[in-house]
Structure formats: structure tokens, C-alpha cells
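All the letters of the sequence shown, read from the start, carry residue numbers 524 to 812 under my numbering.
Idealized CB from N, CA, C, for every residue including glycine.
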Amino acid sequence: MRMTTKFRQLLKEPGIIQAPGAYDCLTANIIQKAGFPAVYMTGAGTSVAQLGYPDLALASMTEMVQNAASITETLAVPLIADADTGYGGVLNVRRTVRQYERAGVAAIHIEDQESPKRCGHLDDKKVISTEDMIQKIRAAVDARTDDDFTIIVRTDSIAVTGWDDAMHRCDEYVKAGADVLFVEALRTPEEVERAAKNLDIPLLFNFVESGKSPLLSASELENLGFKIVIYPASALLSVAHVVGQVMAQLKETGTTSHLMDNMVSLEDCFEAMGLSSMLAEDAQFAHPV
Numbered sequence: 524m525r526m527t528t529k530f531r532q533l534l535k536e537p538g539i540i541q542a543p544g545a546y547d548c549l550t551a552n553i554i555q556k557a558g559f560p561a562v563y564m565t566g567a568g569t570s571v572a573q574l575g576y577p578d579l580a581l582a583s584m585t586e587m588v589q590n591a592a593s594i595t596e597t598l599a600v601p602l603i604a605d606a607d608t609g610y611g612g613v614l615n616v617r618r619t620v621r622q623y624e625r626a627g628v629a630a631i632h633i634e635d636q637e638s639p640k641r642c643g644h645l646d647d648k649k650v651i652s653t654e655d656m657i658q659k660i661r662a663a664v665d666a667r668t669d670d671d672f673t674i675i676v677r678t679d680s681i682a683v684t685g686w687d688d689a690m691h692r693c694d695e696y697v698k699a700g701a702d703v704l705f706v707e708a709l710r711t712p713e714e715v716e717r718a719a720k721n722l723d724i725p726l727l728f729n730f731v732e733s734g735k736s737p738l739l740s741a742s743e744l745e746n747l748g749f750k751i752v753i754y755p756a757s758a759l760l761s762v763a764h765v766v767g768q769v770m771a772q773l774k775e776t777g778t779t780s781h782l783m784d785n786m787v788s789l790e791d792c793f794e795a796m797g798l799s800s801m802l803a804e805d806a807q808f809a810h811p812v
């Protein structure tokens, strides 16, 4: 079954889809091994971990697609990918959709920020007009060659033009062909609940530790009516913290022998990336009986 079709089935099934954020193949496979039904490729994590930049629109479409292609090659669950603003105008959006399709991605989200954009949980964002975003959505929907490829549309307008305009935009984005809506940086539990009541379409919630939105549990979000929750920063921030601690201890003591309980074994790390199956393939084909 195609990953696009598998993701569409998840959207139809009961329950909320939890998709933690990965920025490379290792984090993606750790998420998969933990039993999550989908993985989210975070643009912020890709920018920070792969390119060495903060989330300020410095990652190109090509760099994002290449990272996604590497991740999908190692996954058996659908990948949702950050597609930022679509990386330009309507022609860029069309190319972005087709490149992500070829990379094996199941769903992407595009947003209505102006370029250059910034992390949705930073201040001083700007948004394009509703009409310009409608054209981008129509271009994205028309460009896909697989009808099951899911187009998630994100609006950052609450922090820029206010609640009423954000809800108007959402209505127009649905008419333009959005499969899922993503209202970025909802600021209070009341706003989260209000959005769920106002919008009759599958909704995505962005769970960002130390971000602007309340940190509601998956069950709370499901009860409110949300269908997807992504965790773009959970792995990234955890790794930054733990590696920082380990390196500080290594610098101080000259060894990590006392920290082994906080590490996986080298074999387990390789196993997360398919060690046993690859060794079996090697035995079958490289060394025939």
C-alpha cells in the first residue's frame, strides 16, 4: 500500500494521529520503533540539525526534499513533511508538491506567511493575502499526481491579523481544496477549543515545548476534535539537552563510563536502522550456500 493511501486511512480511522518530529533517519526510526503511526519531518529540526541555522527560511526546497527522501527510504509509516511557504509563488508550490511526492512523502503542509518566513512561534510574522494563498492551495491540489497525497494548509494569521481573519481564511482555504487545516500558534486552551468548534474539517495541532500554544495532551486534543498532533521539537530539544549534559560530564571527568545507563548500546543503535535485516540480506545474496 502506498504511504499516501495509508495516511488517508489513518485520517478516516477513529483516534488522533500522533506524529513526533524527526530531523534525520535515526530520529525517524526511533519514533517508528516507539509505535507511532506517522512521523513528522520538522523544518526547524532540519534547519538546525542538517544545515546549522535557526528556523528562518534558510532551508531550500531541495534540501528539505532530500532530507525527506532519506527518511522515507527507512520508514514503514507515513511521513508528514514541512513545506514552509511552498518556496515561492504558484509555480514553486507545484514543483514542491511533485518533488515531495517523488520523495515518498504522504502529506505536506504549506503556510500563508510571507517569504522569508520564520518559525510560527516567533514574533513579527507577516502573512500574504488570502487571495494569494488561495491560488497557492489550488496550485498544490492541481499539481499532485496522487489523489491520496494530503495537502495540509497552515495559517499563521492569528498573531498577525487576528481571530476573525484567521477563521475567514480557514473557510476560504477549505473551499480552495485543503484536506486538513493547521491553525498555528493558538494561544490559550479557549482558543484551541474555539478553533475546533468553528472548523468542520480534520485539524492539526502543533505541540511545541516552550512555544506559544498550551501543551494539551493527545487525549484532550482528541476530545476537542483534533485529528493530528505533531511534536516538531520534542526530539530536537531532548537531544540538545542530553548531549549537552553528556559532553559536560565527559569534559569534566574524561570518561562516560558512569553514563552508560543513559545510552543505548552501539548494536541497538544500528538495529534501529535495520542491522539484522541487512545482515540477513547480505548472507542470502553475498554469500550463497
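task: For Leu-465, name the three-state secondary structure that DSSP assigns.
output: Any answer about residue 465 is impossible in this case: the structure gives the chain only from 524 up to 812.
- request: Quick one: using the 10 Å Cβ neighbour count with 16 as the cut-off for buried, is His-764 buried or exposed?
  value: Label assigned to His-764: exposed.
Backbone secondary structure at Met-564 - three-state DSSP: Looking at Met-564 - three-state DSSP - the assignment turns out to be strand.
task: Please check the pair Glu-624 and Thr-668, which I expect to be a contact at CB under 8 Å, by giving their CB distance rounded to whole angstroms.
output: So it is a contact: roughly 6 Å between Cβ atoms.
query: So, do the region 645 to 656 and the region 672 to 689 have three or more beta carbon pairs nearer to each other than 8 Å?
result: With a cut-off of 8 Å, the region 672 to 689 and the region 645 to 656 count as touching, because enough Cβ pairs lie within range.
query: In whole angstroms, what is the alpha-carbon distance linking Thr-585 and Arg-618?
result: Those two C-alpha atoms are separated by around 10 Å.
Residue closest to Thr-550, alpha-carbon to alpha-carbon, out of Val-762, Ser-570, Thr-528, Lys-659: Of the candidates Val-762, Ser-570, Thr-528, Lys-659, the one whose C-alpha sits nearest the C-alpha of Thr-550 is Val-762.
message: Quick check on DSSP: helix, strand or coil for Ala-778?
response: Here residue 778 turns out to be Thr, not Ala, going by the sequence shown. Shown here, Thr-778 sits in coil according to DSSP, grouped into three states, outside any helix or strand.
task: Identify every residue that forms a DSSP beta bridge with Thr-653.
output: Answer is none; Thr-653 lacks a bridge partner.
task: Kindly indicate which three-state DSSP category Arg-710 falls into: helix, strand or coil?
output: Coil.
message: Using only CA atoms, which one of Asp-791, Gly-627, Val-683, Asp-605 lies nearest to Tyr-546?
response: Nearest Cα to Tyr-546 within the set Asp-791, Gly-627, Val-683, Asp-605: Asp-605.
query: Among the residues of its own chain, which have a CB less than 6 Å from the CB of Val-616, if the five just before and after it don't count?
result: Cβ within range, chain order: Gly-609, Lys-659, Ala-662, Ala-663.
query: Alpha carbon to alpha carbon, what distance is there between Lys-735 and Pro-712?
result: In this model, Pro-712 and Lys-735 are separated by some 11 Å (Cα to Cα).
- request: Excluding the 5 residues preceding and the 5 following His-691 in the sequence, name in chain order all residues of the same chain whose CB lies nearer than 8 Å to its CB.
  value: In the same chain as His-691, and ignoring 5 residues on each side of it, the C-beta atoms closer than 8 Å to its own belong to Thr-653, in chain order.
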